[in-house]
Each structure stands twice: as C-alpha cells, then as structure tokens.
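Number of protein chains: 2
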Amino acid sequence: MIKGKITIHDISKALEIDSSTVSRALNNSPRVSKKTKTKILKKAKELGYQRNSLASKLRTNRSNTIGVIVPRISRHFFAAVISGIEETAYDAGYDVIICQSLDNYEREKKLVETLLANRVDGILISISMETTNYSHFKNYIDNGFPIIYFDRPCEVDKNTNVIINDFKASFEATEHLILNGCKNIVHFSGPQSTTLYQKRCKGYKAALKKHNIPLRKEYIIESNLMENDGIENAKKVLKLPLVDAVFSANDKAAISAMQYLKTKNIKIPEDIAFVGFSNEPISAVIEPSLTTVNQQDFEMGKVATTLLFEQINNKSSINETKILEPELIIRNSSIKK
Amino acid sequence: MIKGKITIHDISKALEIDSSTVSRALNNSPRVSKKTKTKILKKAKELGYQRNSLASKLRTNRSNTIGVIVPRISRHFFAAVISGIEETAYDAGYDVIICQSLDNYEREKKLVETLLANRVDGILISISMETTNYSHFKNYIDNGFPIIYFDRPCEVDKNTNVIINDFKASFEATEHLILNGCKNIVHFSGPQSTTLYQKRCKGYKAALKKHNIPLRKEYIIESNLMENDGIENAKKVLKLPLVDAVFSANDKAAISAMQYLKTKNIKIPEDIAFVGFSNEPISAVIEPSLTTVNQQDFEMGKVATTLLFEQINNKSSINETKILEPELIIRNSSIKK
DNA sequence: ATTTAAAATACAATCGATTGTATTTTAAAT
DNA sequence: ATTTAAAATACAATCGATTGTATTTTAAAT
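What follows is the structure in structure tokens.
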C-alpha cells in the first residue's frame, strides 16, 4: 500500500472547496460549475489523485464488477468465452475478475465466497467437474443474487443457464461418421455425473438408433477425458473387434488417442475415423486434422454476460436456459477416402 | 447487490454485544472469550453473515490481493506462470486478480489504473508488446509501489524483473542446429523494440560467430510472430537460396511456417530444420514435433510472486533481475537423419 | 469482605467516498 | 436597489469493518 495516498480531502484542503463538491466534480456532476470542475481536475492531476474504489464501492453498494469462474483459463474454449464476457462487460463499464477453479470443488467454493465478500454485482460460472453439491450457490440464489451458469449448467431449481445443444451436436457428429460409412463407432464419454456428458452420450445413442445400428455397451468408454485417459481408451479400442470410428466427447482425449494409435500403425481415418468436441486449436494442427464441434465460445460469453446484466439491472431473475447451436467442423480425421 | 446483507451490527444487535467485540470474535482475536466467540460465530452462521471485504480493506489499508496482467491468458506460457503465481499467493493467504492486456497499450494502462484503484498490494506484469511508454508504471514505481515485471522486462530505471536467459537459450538453440549440420540458418525475429527479442537475436548471432558462420542480414526476418507472420516468413524463406534451417523466436510462427512449407512439399527436418521458442503444447503434437525452448513458466510465476511479497512486506525495493535458466527440448524437427 | 490485576467488553474514532439536505452565492426580474 | 428563483457549494450522515483507549467484569490474593 502506498503511504500518503491522495484523497478527495487533500484536494479539498488544497483548494478550500468542500470534499462533497470535489467528489461531485470528479464524477462530473452537473451540480458543480465548469470553472470549479476545471480547477479540481487540475489539482487532482497535480497531486496524482487516484480514486479509492473500495470506498466508492462500499458507499454506493455497487461494485461495477462481475466475477467469472472457469475450470481453467488456459483451455481455449474458456479463454474464448472470457473474451466474449470481457468485451460485453467493458462496453457496459464493468470490470471483470477472472478466476480458475482447476475443477476443484473446495477451491470453487472459496472463490465464490471471495467474490461475494468483494461484493461483485454478479457471477458467471462454469461449474467444476467435481461439483455435485450446489449449496455454495444456493444460499445466494435464494437471495436473488445474479448468477449465470454457462457451458456446464446447474440444473437444480430455477437457474439461468447458457449452453450449447450438446445432444444435437453429438447426434450430428455421430451421424456424420455413419454417413461416411462407419458402423462400429466407439464413444469416449465423460463423467456421467455431468449432465453435459450425459447429453453428448444420448446424442450418440440417438444417431445410432436412427440408422438402425445396434448399441453396444462396451463401445461406450467412460473416463475423465484427460490426456492420459485418451491413451488408455485407445488401448481398450485396440482390444475391441471391428472398431472403425471414435466419437470423443472432447478433443483432448481424441488427440492423445490418435497419437497413440498412430504409434501402433493404425491409419486415421482409413482404419479408425475420429471426431472430437470443442475445437481446441490443436485439433486443426494435428495430422490428420481433427473433425470437431465448434461450441460458439465467444458468442456464449456475450450472451451469458448480457443475461447477467439483465438480472443485475432488473432484479427479475428470468430463469431461462439459452441454448446455442453448435457447428460441426469437418476436417480430415473423419473422411474415409 | 443483495439487499439487506447482514453486517456485524446485525449480529451485535441480535446478541447485545458491541460490534467491536463481534469484529474481534470473527477475526479470532485473543481479546474475546471463548464463550462469546462461540455465541457470535453461531449467530453469524445463523444469519448468513458474509464479511464485507471492501469495508475491511478500506479500514485496514491492506487488500491482501495482488494483480496480474498478462498479454493473453490463453497462451500456455502465461497460463502456466499464473498457476505458479496463484499457488504461491494462495499459500500466503493472498487473492489474485488476473487480467489480460491483449497486448494493447491503452487497455494495459486502464488495467493498471483499475488495479490500483482497487488497492491491490502489488502487481505482477508481463508488459504488452505495444508498450514503449512506461509512464503508467513510473508514477507508482517512484512511490515505491511493489511491482514486478516478468518475462518481458521493463528496463527503464531500477525495477525488479524475472526473466529467462533469452540470450543463452537462443545461443543454444542456434548452436544445436549448427551441430546438426545446418549452415544457412534463418532467424524469425520479433519486434526489435522489445529487448526480449533483441536478446534472442543476439544469441542467434553469437552462435553463428562462434562457429565462424557469416551473418547474412537477409536471413533475419523481423515480424510480430503471429500465425500469419509465420506464413509470410515461410514465403520469404522459399525465395532465399540454400536455407537449411529456421530458428524462430516463438513457436507460433514456427508452426504456421512449417505447415505452409509442408504444403509446398518441403521436408522437415530434411530440407529445412526448425527450432521454436516457448514450448507451446502444440509443439509436441505437430508433425514433426517441434524442438523448442522451455521457459520455466511455473517456476517464473513462483519466483516473481515470492519477490513481490518481499517487496510488499519489507518495503525495500530490491531492484534485482532474476534470470532463470531455460532448457532446450529436442524433438524431431531439428534432427537431420 | 476488600483490594488488585487481568481478562473481557464497550466506546468512539476512523478508512475515503457519496449523497440528501441546508445554506450561500449568483443572476435575472422587478 | 430589492426580491426571487436557480445555481453552486457546504454540512453532515453514512457505507461496514477495525482498533486504540476506556470501562466493566471476573477471579485471584489478601
């Protein structure tokens, strides 16, 4: 902390103008004459005045700040959502505090508490994979605290969620493989405690059903979809007969599986075709380039933030779920020649 | 903002205990009896009390919060540095506010102001590429405000910088190419306004000199090292005679150049070997995998944060520059068989 | 039962800005 | 020159927590 920070009272004393007038001048209130404003602004600059936002927020009971909690900022999808959030927020004159939960429940809980203690006006959150207990949100929701869930929805009680149509995306991804001649399609699924992965799995099943392909339980491999899970999954795939395609619920597992299979001289897509999910930057670079689902990241950030501001300003929690339409990006990993 | 938030005064009234005692109890002061503490804590929980950090910070003149400004949170290097920062900070009981400047000077300036207005106890920053004017820092440095520069140092006046040995890393990267039989090595250089890229360029030159390879000016291609710059650089390389290797000052440009050259049937590393810089995750995945420099990201975050806390607590700005040793990660793109 | 020191609690000011109300100043109208 | 309304400024309380000092309570010692 800098010692001897300049306050409005220092300006007040220096000019022999009451601090209330100084405050109003700095906030460009019409109640202060132009002449006085000029004088005050000049002196403020001269003294190196810097507003103390803490005091201002305390007094006004408004922080003009929103908090964002994502599992991991380095994930391209979340970084892109954050870009959308920041753009919308800055346009509205709001600051954004970015936090990462690292998919850890305890940490997420602490972050929520810290944000609330700092009196953010609202929170945008993509809940951690570990989170199954929503009590750390519930207290605030009941009070009408503005909070919006994105990507990973919170489906207890009435909340506002912004998600993509995971079912449809998965359905289309799987159907795309079927239309390219694949019949024995393995699904790399994520933790079924997460509704998002449930939906992706359902989309996969529905596509099989539509095309009269019998569902084989051993073709659904559940894991946390981390890099290492992809390798383990790939080993399992090699032990299954006939597999000619994989639809992975995220890119990371798809990519590590592809890399492992390549070392085993499996040809992609000729032997096994691949479709991922999320459109991570690596998916465009790997060989063959990975067919994947674009999740409308930037758009999701904008939509979620707009909804949050509606809640903050109207105080009417609307409790809607916005569903964005995903887009299948077809690259080389899924087209059998 | 939630209406009717519970304050210590509500607890005070409910229990007929003075608010000062309530405050001390909540902060676990030894001046409050155990019996009273239990009573207060119970009531606080019952009423759903949540500390107002704004008021607390205002009064104590300590925010227990540090600010971090990086060009872009999605860049793997910065995300890893942030992990190191957060780990160190949380252990010390500090909160971390993460901001991204998007390499934009105006935005960076605004972020610094916002952090200061919110009275962070110190700032960790990797300055934006656009920044050549340091006046937005200078005011605070002069006041002894704790600020540490990492990766991209601020080399005006006396500051504390945490950087890697860019010269040595580049020297070794270039020498590695030479030792693998390359003689006509192009350098993709970054903006020379940034000392970091100056140093990388000097390392390249020094390695050539040591091995008696004449320096050719047209072999140094300066750009912003973005994806598109890599492609443009690759086109220039194709027009130069004899080139058998490229040392790029970052991975991004190296990777897009490699991709472009592959479409032109240039074999990597046989025709042109490549070495990058930063160890982006993509570098391990691209084919051939890219030899690159590991920048000690996580370690850098830890060291920078530790230095910051020294400044915050001792008030003695030490003004040192810590130089971390980089590590060359040798992969397939640089080994001519 | 009284004195005394320590423990526990209450009082009151404070951090820096904001804002409703009161007062003073200015300028227009007579 | 005086009245009057509007404009400009000053006064004073407030946001919620903290903290040095004063007071009260408790418990030990006589």
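Going down the list, the sequences are from chains A and B. My numbering numbers the first residue of the first sequence as 1 and each following residue consecutively. My numbering numbers the first residue of the second sequence as 1 and each following residue consecutively. Backbone N, C-alpha and C define an ideal beta-carbon position, used for all residues, glycine too. Every value quoted in this text rests on a predicted model; they were computed, and no experiment measured them.
Between which residues of its own chain and residue i is the CB-CB distance below 7 angstroms, once the five residues before and five after are set aside?
i	result
E227 of chain A	K252, S256
S12 of chain B	D18, S19, V22
Q100 of chain B	V70, P71, R72, I73
K3 of chain A	The predicted model places K3 of chain A with a pLDDT of 43, which falls under 50 and marks its position as unreliable, so this point remains unresolved.
N294 of chain A	N279, P326, E327, I329
N319 of chain B	K158, N159, T160
V32 of chain B	T21, R24, A25
A234 of chain A	A257, Y260, L261
So what does residue i bridge to, in DSSP terms?
i	result
Q100 of chain A	A:V70
I185 of chain B	B:A245
A273 of chain A	A:A245
V293 of chain A	A:L328
I323 of chain B	B:I163
K65 of chain B	Here residue 65 of chain B is Thr; the residue named in the question, Lys, does not match the sequence. B:D95, per the DSSP bridge assignment.
I220 of chain A	A:H187
I148 of chain A	A:L124, A:T160
Report the option in the options whose CA atom is closest to the CA atom of residue i.
i	options	result
D244 of chain A	A:A173, A:I231, A:A25, A:I268	A:I268
K110 of chain A	B:I6, B:P281, B:Y90	B:Y90
S283 of chain B	B:S333, B:M300, B:L240, B:L324	B:S333
T195 of chain A	A:N143, A:Y140, A:E130	A:E130
D309 of chain A	A:L102, A:S29, A:P281, A:D121	For the record, residue 309 of chain A in the displayed sequence is Phe; it is not Asp. The residue with the shortest Cα to Cα distance from F309 of chain A is A:D121.
G93 of chain A	A:T305, A:L58, A:K43	A:T305
I213 of chain A	A:T7, A:K43, A:L177, A:I8	A:L177
T114 of chain B	A:V68, A:S63, A:F150	A:S63
E155 of chain B	B:F171, B:N143, B:N133	B:N133
Y359 of chain B	A:I85, A:I40, A:Y140, A:E106	Residue numbering for chain B in the displayed model covers 1 to 337; residue 359 of chain B lies beyond these limits and cannot be assessed.
L58 of chain A	A:E270, A:F277, A:R119	A:R119
S223 of chain A	A:R216, A:Y197, A:E299, A:V81	A:Y197
According to DSSP, is residue i part of a helix, a strand, or is it coil?
i	result
F171 of chain B	helix
T88 of chain B	helix
L308 of chain A	helix
F78 of chain A	helix
G125 of chain B	Rather than Gly, the amino acid found at residue 125 of chain B in this sequence is Ile. DSSP places I125 of chain B in strand when its eight states are reduced to three.
I266 of chain B	coil
Y134 of chain A	coil
I6 of chain A	coil
D18 of chain A	coil
I335 of chain A	coil
R354 of chain B	Residue 354 of chain B is absent from the model: chain B starts at 1 and stops at 337.
E352 of chain B	Because chain B in this structure spans residues 1 to 337, residue 352 of chain B falls outside the shown range and cannot be described.
K13 of chain B	helix
C201 of chain A	helix
S53 of chain B	helix
M1 of chain B	With a pLDDT of only 35 at M1 of chain B, under 50, the local geometry of the prediction cannot be trusted, and the value read off the model is given with reservation. M1 of chain B: coil per DSSP, three-state reduction.
E299 of chain B	helix
E287 of chain A	coil
P30 of chain B	coil
G48 of chain A	coil
M226 of chain B	coil
T194 of chain A	coil
N313 of chain A	helix
With hydrogens ignored, establish whether the beta-carbon of residue i is closer than 7 angstroms to any heavy atom of the ligand MG.
i	result
E87 of chain B	The ligand MG is not part of this structure, which contains no ligands at all.
Do residue j and residue i have their beta-carbon atoms positioned less than 8 angstroms apart in this structure?
i	j	result
T321 of chain B	P146 of chain B	no
T292 of chain A	I335 of chain A	no
S128 of chain A	E108 of chain A	yes
L242 of chain A	N184 of chain A	yes
N165 of chain B	P326 of chain B	yes
I221 of chain B	F188 of chain B	yes
D103 of chain B	T65 of chain B	no
K202 of chain A	F247 of chain A	no
L225 of chain A	A249 of chain A	yes
S125 of chain B	Y149 of chain B	This sequence places Ile at residue 125 of chain B; Ser is not what is there. Cβ distance < 8 angstroms, so I125 of chain B and Y149 of chain B count as in contact.
Please work out which residues of its chain come closer than 8 angstroms, Cβ to Cβ, to residue i, disregarding the five sequence neighbours upstream and downstream, and give them in chain order.
i	result
M1 of chain A	At M1 of chain A, the pLDDT of 35 sits below 50, so the modelled position is not reliable; the number obtained from the coordinates is stated separately. Correct list: empty, nothing qualifies.
Y219 of chain A	N184, I185, V186, H187, L240, V243
F77 of chain A	D151, S278, N279, E280, Q295, D297
Within the same chain, show all residues whose beta-carbon is closer than 6 angstroms to that of residue i, passing over the 5 residues directly before and after it, in chain order.
i	result
S289 of chain A	R331, N332
E175 of chain B	A207
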